[in-house]
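Some notes on the structure that comes next.
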(Lines of atoms letter the chains of each structure in order from A; the text may use other names.)
(Lines give C-alpha, C1' and ligand atoms only; values in the text may rest on other atoms or scores of the structure.)
Protein backbone atom coordinates (compact mmCIF):
# COMPACT_ATOMS: atom_id res chain seq x y z
CA UNK A 546 0.00 0.00 0.00
CA UNK A 547 1.06 3.64 -0.34
CA UNK A 548 3.19 5.23 2.41
CA UNK A 549 0.39 7.69 3.18
CA UNK A 550 -1.97 4.79 4.01
CA UNK A 551 0.72 3.24 6.19
CA UNK A 552 1.05 6.48 8.16
CA UNK A 553 -2.73 6.70 8.46
CA UNK A 554 -2.85 3.12 9.73
CA UNK A 555 -0.09 3.88 12.25
CA UNK A 556 -2.00 6.94 13.50
CA UNK A 557 -5.19 4.92 13.81
CA UNK A 558 -3.30 2.30 15.80
CA UNK A 559 -1.86 4.88 18.19
CA UNK A 560 -5.29 6.42 18.70
CA UNK A 561 -6.81 3.08 19.75
CA UNK A 562 -6.58 2.19 23.43
CA UNK A 563 -6.81 -1.52 22.54
CA UNK A 564 -3.75 -1.39 20.29
CA UNK A 565 -1.84 0.77 22.79
CA UNK A 566 -2.52 -1.84 25.47
CA UNK A 567 -1.20 -4.61 23.22
CA UNK A 568 1.93 -2.60 22.41
CA UNK A 569 2.56 -1.92 26.09
CA UNK A 570 2.11 -5.63 26.87
CA UNK A 571 4.69 -6.57 24.21
CA UNK A 572 7.16 -3.96 25.45
CA UNK A 573 6.83 -5.25 29.01
CA UNK A 574 7.63 -8.79 27.80
CA UNK A 575 10.63 -7.53 25.82
CA UNK A 576 11.97 -5.59 28.82
CA UNK A 577 11.68 -8.64 31.09
CA UNK A 578 13.33 -10.96 28.56
CA UNK A 579 16.05 -8.37 27.94
CA UNK A 580 16.78 -7.85 31.64
CA UNK A 581 17.00 -11.60 32.28
CA UNK A 582 19.25 -12.05 29.23
CA UNK A 583 21.55 -9.25 30.42
CA UNK A 584 21.94 -10.72 33.89
CA UNK A 585 22.19 -14.35 32.77
CA UNK A 586 24.43 -13.62 29.77
CA UNK A 587 26.85 -11.45 31.73
CA UNK A 588 27.08 -14.04 34.50
CA UNK A 589 27.60 -16.88 32.02
CA UNK A 590 30.26 -14.95 30.09
CA UNK A 591 32.14 -14.11 33.27
CA UNK A 592 31.93 -17.74 34.43
CA UNK A 593 33.30 -19.02 31.11
CA UNK A 594 36.13 -16.52 31.36
CA UNK A 595 37.00 -17.61 34.89
CA UNK A 596 36.78 -21.37 34.14
CA UNK A 597 38.82 -22.19 31.01
CA UNK A 598 37.91 -25.89 31.12
CA UNK A 599 34.22 -25.07 31.13
CA UNK A 600 34.80 -22.67 28.25
CA UNK A 601 36.57 -25.32 26.16
CA UNK A 602 33.69 -27.72 26.80
CA UNK A 603 31.08 -25.08 25.94
CA UNK A 604 32.79 -23.67 22.82
CA UNK A 605 31.16 -26.10 20.33
CA UNK A 606 27.73 -25.49 21.88
CA UNK A 607 28.14 -21.71 21.75
CA UNK A 608 29.42 -21.81 18.16
CA UNK A 609 26.43 -23.82 16.95
CA UNK A 610 23.78 -22.35 19.26
CA UNK A 611 22.06 -20.17 16.67
CA UNK A 612 21.98 -23.02 14.17
CA UNK A 613 19.34 -24.62 16.44
CA UNK A 614 15.75 -23.49 15.65
CA UNK A 615 15.13 -21.92 19.06
CA UNK A 616 11.43 -21.35 18.34
CA UNK A 617 10.77 -25.09 18.43
CA UNK A 618 10.91 -24.74 22.24
CA UNK A 619 8.05 -22.23 22.28
CA UNK A 620 5.28 -24.90 22.38
CA UNK A 621 7.16 -26.56 25.24
CA UNK A 622 7.23 -23.27 27.15
CA UNK A 623 3.47 -22.91 26.59
CA UNK A 624 2.95 -26.38 28.10
CA UNK A 625 5.19 -25.49 31.07
CA UNK A 626 3.98 -21.94 31.77
CA UNK A 627 0.55 -21.75 30.12
CA UNK A 628 -0.72 -19.41 27.42
CA UNK A 629 0.38 -16.16 29.06
CA UNK A 630 3.33 -13.79 28.97
CA UNK A 631 5.92 -16.18 30.44
CA UNK A 632 6.47 -18.39 27.35
CA UNK A 633 7.21 -15.20 25.40
CA UNK A 634 9.61 -13.96 28.08
CA UNK A 635 11.28 -17.39 28.15
CA UNK A 636 11.75 -17.57 24.37
CA UNK A 637 13.10 -14.01 24.38
CA UNK A 638 15.56 -14.92 27.13
CA UNK A 639 16.70 -18.13 25.39
CA UNK A 640 17.21 -16.29 22.11
CA UNK A 641 19.16 -13.37 23.58
CA UNK A 642 21.20 -14.79 26.46
CA UNK A 643 23.92 -16.48 24.40
CA UNK A 644 24.60 -13.35 22.33
CA UNK A 645 25.15 -11.48 25.59
CA UNK A 646 27.32 -14.28 27.02
CA UNK A 647 29.56 -14.50 23.94
CA UNK A 648 30.14 -10.76 23.80
CA UNK A 649 30.82 -10.63 27.54
CA UNK A 650 33.38 -13.42 27.18
CA UNK A 651 34.99 -11.59 24.25
CA UNK A 652 35.03 -8.37 26.29
CA UNK A 653 36.87 -9.90 29.25
CA UNK A 654 39.40 -11.51 26.93
CA UNK A 655 40.13 -8.17 25.22
CA UNK A 656 41.18 -6.37 28.40
CA UNK A 657 44.87 -5.55 27.83
CA UNK A 658 47.22 -7.40 30.13
CA UNK A 659 49.12 -4.18 30.85
CA UNK A 660 46.03 -2.81 32.63
CA UNK A 661 45.88 -5.83 34.93
CA UNK A 662 49.63 -5.48 35.64
CA UNK A 663 49.16 -1.79 36.40
CA UNK A 664 46.34 -2.63 38.83
CA UNK A 665 48.62 -5.09 40.64
CA UNK A 666 51.43 -2.53 40.62
CA UNK A 667 49.17 -0.06 42.45
CA UNK A 668 48.10 -2.89 44.78
CA UNK A 669 44.42 -2.55 44.04
CA UNK A 670 42.13 -5.02 45.74
CA UNK A 671 40.25 -7.55 43.62
CA UNK A 672 37.04 -5.50 43.71
CA UNK A 673 38.88 -2.27 42.96
CA UNK A 674 40.52 -3.92 39.95
CA UNK A 675 37.13 -5.15 38.69
CA UNK A 676 35.28 -1.83 39.06
CA UNK A 677 38.12 0.59 38.25
CA UNK A 678 40.02 -1.31 35.56
CA UNK A 679 38.34 -4.40 34.12
CA UNK A 680 34.74 -3.21 33.66
CA UNK A 681 35.64 0.21 32.15
CA UNK A 682 38.08 -1.50 29.76
CA UNK A 683 35.60 -4.08 28.52
CA UNK A 684 32.51 -1.82 28.54
CA UNK A 685 32.41 -1.15 24.75
CA UNK A 686 32.46 -4.86 23.91
CA UNK A 687 29.90 -5.71 26.59
CA UNK A 688 27.70 -2.97 25.17
CA UNK A 689 27.74 -4.72 21.79
CA UNK A 690 26.19 -7.70 23.59
CA UNK A 691 23.61 -5.41 25.18
CA UNK A 692 22.60 -4.10 21.76
CA UNK A 693 22.31 -7.60 20.28
CA UNK A 694 20.38 -8.89 23.30
CA UNK A 695 17.81 -6.12 22.93
CA UNK A 696 17.29 -6.79 19.21
CA UNK A 697 17.06 -10.56 19.77
CA UNK A 698 14.55 -10.04 22.59
CA UNK A 699 12.33 -8.01 20.25
CA UNK A 700 12.62 -10.62 17.49
CA UNK A 701 11.81 -13.56 19.76
CA UNK A 702 8.89 -11.98 21.62
CA UNK A 703 7.17 -10.64 18.51
CA UNK A 704 7.79 -13.85 16.55
CA UNK A 705 6.32 -15.81 19.47
CA UNK A 706 3.24 -13.61 19.33
CA UNK A 707 2.98 -14.37 15.63
CA UNK A 708 3.04 -18.12 16.33
CA UNK A 709 0.56 -18.26 19.21
CA UNK A 710 -0.60 -15.55 21.58
CA UNK A 711 -3.80 -13.94 22.76
CA UNK A 712 -2.60 -10.35 22.43
CA UNK A 713 0.47 -8.26 21.74
CA UNK A 714 2.14 -6.38 18.89
CA UNK A 715 2.88 -9.51 16.85
CA UNK A 716 -0.58 -10.93 17.48
CA UNK A 717 -2.28 -7.78 16.20
CA UNK A 718 -0.09 -7.70 13.07
CA UNK A 719 -0.89 -11.36 12.36
CA UNK A 720 -4.59 -10.74 13.03
CA UNK A 721 -4.65 -7.78 10.63
CA UNK A 722 -2.85 -9.89 8.02
CA UNK A 723 -5.38 -12.72 8.30
CA UNK A 724 -8.23 -10.17 8.16
CA UNK A 725 -6.79 -8.50 5.01
CA UNK A 726 -6.61 -5.21 6.94
CA UNK A 727 -3.53 -3.94 5.12
CA UNK A 728 -3.64 -0.41 6.49
CA UNK A 729 -3.52 -1.61 10.10
CA UNK A 730 -0.94 -4.30 9.37
CA UNK A 731 1.49 -1.98 7.57
CA UNK A 732 0.81 0.80 10.06
CA UNK A 733 1.81 -1.42 12.97
CA UNK A 734 4.85 -2.67 11.07
CA UNK A 735 5.85 0.95 10.45
CA UNK A 736 5.50 1.74 14.17
CA UNK A 737 7.54 -1.33 15.05
CA UNK A 738 10.32 -0.41 12.62
CA UNK A 739 10.43 3.17 13.90
CA UNK A 740 10.49 2.03 17.53
CA UNK A 741 13.19 -0.60 17.17
CA UNK A 742 15.18 1.54 14.73
CA UNK A 743 15.08 4.49 17.11
CA UNK A 744 16.18 2.43 20.11
CA UNK A 745 18.93 0.80 18.06
CA UNK A 746 20.10 4.22 16.83
CA UNK A 747 20.38 5.52 20.40
CA UNK A 748 22.31 2.41 21.46
CA UNK A 749 24.61 2.74 18.44
CA UNK A 750 25.38 6.38 19.32
CA UNK A 751 26.11 5.39 22.92
CA UNK A 752 28.33 2.53 21.74
CA UNK A 753 30.32 4.91 19.51
CA UNK A 754 30.89 7.20 22.48
CA UNK A 755 32.26 4.29 24.50
CA UNK A 756 34.63 3.28 21.70
CA UNK A 757 35.79 6.86 21.19
CA UNK A 758 36.43 7.28 24.90
CA UNK A 759 38.42 4.04 24.89
CA UNK A 760 40.43 5.21 21.84
CA UNK A 761 41.24 8.53 23.52
CA UNK A 762 42.29 6.70 26.70
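Residue numbers (our numbering): 546 to 762.
Even for Gly, the Cβ is constructed at its ideal location relative to N, Cα and C.
Being a predicted model, the structure only gives us computed values, none of them experimental.
1) Does the Cβ-Cβ distance between residue 636 and residue 719 come in under 7 Å?
2) Count the CB pairs spanning the segment 605 to 619 and the segment 653 to 669 that are closer than 8 Å, and state whether there are at least three.
3) Buried or exposed: where does residue 575 fall if 16 or more other Cβ atoms within 10 Å of its Cβ makes it buried?
4) Starting from residue 568 and walking both ways along the alpha helix (DSSP H), at which residues does that stretch end?
5) Give me the residue from 716, 674, 592 with the minimum Cα distance to residue 570.
6) Which same chain residues, not among the five before or five after residue 634, have their C-beta less than 6 Å away from its C-beta?
7) Given this structure, state the Cα-to-Cα distance separating residue 565 from residue 721, to the nearest angstrom.
8) With residue 647 as the anchor, note down where its alpha helix (DSSP H) starts and where it stops.
9) Assuming contact is defined by CB atoms lying nearer than 7 Å, are residue 714 and residue 568 in contact in what I supplied?
10) Going by DSSP, what residue range makes up the alpha helix (DSSP H) through residue 707?
11) Less than 7 Å separating the beta-carbons of residue 554 and residue 728?
12) Count the other CB atoms, across all protein chains shown, that sit within 10 Å of the CB of residue 629; report buried if there are 16 or more and exposed otherwise.
13) Between the Cα of residue 734 and those of 646, 596, 704, spot the shortest distance and give me the residue it belongs to.
14) Using 8 Å as the cut-off, can you tell me whether the segment 603 to 613 makes contact with the segment 662 to 673, which would need three or more C-beta pairs spanning the two stretches below that distance?
15) What's the gap between the Cα of residue 560 and the Cα of residue 732?
16) For my contact list, residue 590 and residue 644 are in at a C-beta cut-off of 8 Å; report their separation, rounded to the angstrom.
17) Considering only C-alpha positions, which residue in the set 597, 684, 706 is nearest to residue 752?
Taking the geometry as given:
1) As a position in the chain shown, residue 636 is number 91, starting the count at 1. As a position in the chain shown, residue 719 is number 174, starting the count at 1. Taking 7 Å as the Cβ cut-off, residue 636 and residue 719 do not qualify as a contacting pair.
2) Contact between the segment 605 to 619 and the segment 653 to 669 is absent, with fewer than three C-beta pairs closer than 8 Å.
3) Your numbering for residue 575 matches position 30 in the chain shown. Residue 575 should be labelled buried.
4) Translated into positions along the chain shown, residue 568 becomes position 23. 562 to 595 is the extent of the alpha helix (DSSP H) around residue 568.
5) Looking up residue 570 in the chain shown gives position 25. When each option's Cα is compared against that of residue 570, the closest is 716.
6) As a first step, residue 634 must be located in the chain shown, where it is residue number 89. Within the same chain, and ignoring the five residues on either side of residue 634 in sequence, the residues whose Cβ sits closer than 6 Å to its Cβ are 574, 577, 578.
7) Position 20 of the chain shown holds residue 565. Position 176 of the chain shown holds residue 721. Roughly 15 Å separates the two Cα atoms.
8) As a position in the chain shown, residue 647 is number 102, starting the count at 1. Following the DSSP letters along the chain, one finds residue 647 inside the alpha helix (DSSP H) bounded by residues 630 to 654.
9) As a position in the chain shown, residue 714 is number 169, starting the count at 1. As a position in the chain shown, residue 568 is number 23, starting the count at 1. With respect to the 7 Å criterion, residue 714 and residue 568 are classified as neighbours on the basis of their beta carbons.
10) Stepping through the chain shown from its first residue, residue 707 is reached at position 162. For residue 707, the enclosing alpha helix (DSSP H) has its first and last residue at 680 to 708.
11) Position 9 of the chain shown, counted from the start, is the residue given in the question as residue 554. Position 183 of the chain shown, counted from the start, is the residue given in the question as residue 728. Yes. Within cutoff.
12) For the purposes of this step, residue 629 is taken as the residue at position 84 of the chain shown. With a threshold of 16 other beta carbon atoms within 10 Å, residue 629 falls short and is exposed.
13) In the chain shown, counting from the first residue as 1, residue 734 sits at position 189. Cα-wise, what sits closest to residue 734 is 704.
14) No contact exists between the segment 603 to 613 and the segment 662 to 673.
15) Numbered from 1 along the chain shown, position 15 holds the residue referred to as residue 560. Numbered from 1 along the chain shown, position 187 holds the residue referred to as residue 732. In a straight line, the C-alpha of residue 560 is about 12 Å away from that of residue 732.
16) Your numbering for residue 590 matches position 45 in the chain shown. Your numbering for residue 644 matches position 99 in the chain shown. Actually they are not in contact, since the Cβ atoms of residue 590 and residue 644 sit about 10 Å apart, beyond 8 Å.
17) As a first step, residue 752 is located in the chain shown; it is residue number 207 there, counting from the start. Distance check between residue 752 and each of 597, 684, 706 places 684 closest, using alpha-carbon atoms only.
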